[in-house]
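There are 2 protein chains.
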Amino acid sequence: MQLRDESSLPYYEQLVLRVKQQIVQGILQPGDRLPSVRDMARQEQLNPNTVSKAYKQLETQQVIMTIRGKGTYVRDTTTSGNNTAQITASKRRLLTLLTEIRYLGVPASDVIAWIKTAYEEED
Amino acid sequence: MQLRDESSLPYYEQLVLRVKQQIVQGILQPGDRLPSVRDMARQEQLNPNTVSKAYKQLETQQVIMTIRGKGTYVRDTTTSGNNTAQITASKRRLLTLLTEIRYLGVPASDVIAWIKTAYEEED
DNA sequence: TCGAGTGTACTGTGTATAATAGTACACACA
DNA sequence: TGTGTGTACTATTATACACAGTACACTCGA
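Chains B and Y are the protein sequences, given in the same order. Mapping of the first sequence onto numbering that gives the first Met the number 0: position 121 corresponds to residue 120, and the numbering continues sequentially without gaps. Mapping of the second sequence onto numbering that gives the first Met the number 0: position 30 corresponds to residue 29, and the numbering continues sequentially without gaps.
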């Protein structure tokens with residue numbers, strides 16, 4: 000995996016993002032088991048608490064499922080209904096970023112090309 | 000203007016963004032004078048130091064021009080050459096956000112529609 | 001020349017977040 | 001029972017943000 004750096008996001012946020020990305024890419028599938036908090040911490044040179052924080056957030060977001068004393072597993076993709084709030088929040092963040100990008104003189108066509116490339120890169 | 004909240008960005012970052020947005024929208028034009036640090040602080044209910052931090056960043060980014068003892072003015076739009084690094088950084092941030100958005104199940108077409116709308120909303 | 005207004009710099013203070021360290025507990029399972 | 005699991009807790013360190021207050025050098029009009 001290798002975290003560290005990457006856009007100055009907190010480590011636990013980076014980890015959350017990685018897991019989601021691997022799910023989107025099919026590397027992680029529903030039912031798959033994630034490394035234990037301690038193993039992941041050893042792999043990523045992080046503190047177990049930091050990994051635990053990431054797992055906790057992923058559980059809150061219904062991405063993974065936790066069984067005490069057993070492990071953490073990727074959930075069935077319930078990417079169905081009630082994430083409207085999350086989508087709205089993400090959209091707002093995107094539009095904020097877009098203000099910056101527009102100021103830099105990047106045309107809409109370029110941004111759209113980025114989007115398309117990113118979406119094609121997977122599945 | 001009214002800052003406070005809006006995506007949990009720091010106040011000074013919000014202020015930086017607003018100024019850029021107003022430039023893009025033509026509300027602020029090259030040569031226009033920004034409110035003094037103290038006036039802006041009074042308007043926005045902020046500490047003068049916070050406003051100063053925003054102005055300082057805007058000056059570093061060549062957005063405004065500062066004349067000691069006189070005021071701060073919007074620069075001639077030198078949105079020409081050397082912002083490649085800034086564009087690259089923004090693109091990376093956008094792709095990071097996109098990972099999240101894709102996980103939420105938002106199709107590319109929706110994202111592209113957001114982009115188009117945002118670009119049309121101005122000028 | 002003087003004084004008001006300008007941006008800037010500096011030292012603090014308080015708060016919040018991130019990441020670490022260390023310890024302990026309840027649980028699952030062979 | 002013992003090992004491994006997630007979790008909870010306290011404590012420490014570092015950083016960023018926002019504020020308060022003060023001071024300085026500059027511009028410019030009265």
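Backbone N, C-alpha and C fix where the C-beta goes; we use that ideal spot for every residue, glycine too. It should be emphasised that the depicted structure is a prediction, and the values quoted were computed from it without experimental measurement.
Put simply, of B:P9, B:K90, B:A53 and B:L103 the residue whose alpha carbon is nearest the alpha carbon of Y:A107 is B:K90.
If you check each beta-carbon in the stretch 44 to 60 of chain B against every beta-carbon of chain Y, none falls closer than 8 angstroms.
Residues of the stretch 104 to 120 of chain B whose Cβ lies closer than 7 angstroms to any Cβ of chain Y, in chain order: G104, V105, A107, V110, I111, W113, I114, K115, A117 and Y118.
DSSP lists B:V73 as the bridge partner or partners of B:I63. Bridge pairing for Y:R91: absent [DSSP]. Listed by position along chain Y, the residues whose Cβ is nearer than 9 angstroms to that of B:I22 are Y102.
DSSP places Y:R17 in the uninterrupted alpha helix (DSSP H) bounded by Y10 to V23.
Residues of chain B with a Cβ closer than 7 angstroms to the Cβ of Y:I86 are, in chain order, L103 and V105.
Within its own chain, the residues whose Cβ lies closer than 8 angstroms to the Cβ of Y:Q85, once the five positions on either side in sequence are excluded, are Q60, listed in chain order. Distances from the CA of Y:A88 to each of B:T87, B:A88 and B:L103 were compared; the closest alpha carbon is that of B:L103. Taking a Cβ-Cβ cut-off of 7 angstroms, the neighbours of Y:S89 in chain B comprise L96, E99, I100 and L103, given in sequence order. Inter-residue distance for B:E99 and Y:N48 is about 23 angstroms (C-alpha atoms, whole angstroms). Not a single CB atom of chain Y sits nearer than 8 angstroms to the CB of B:R74.
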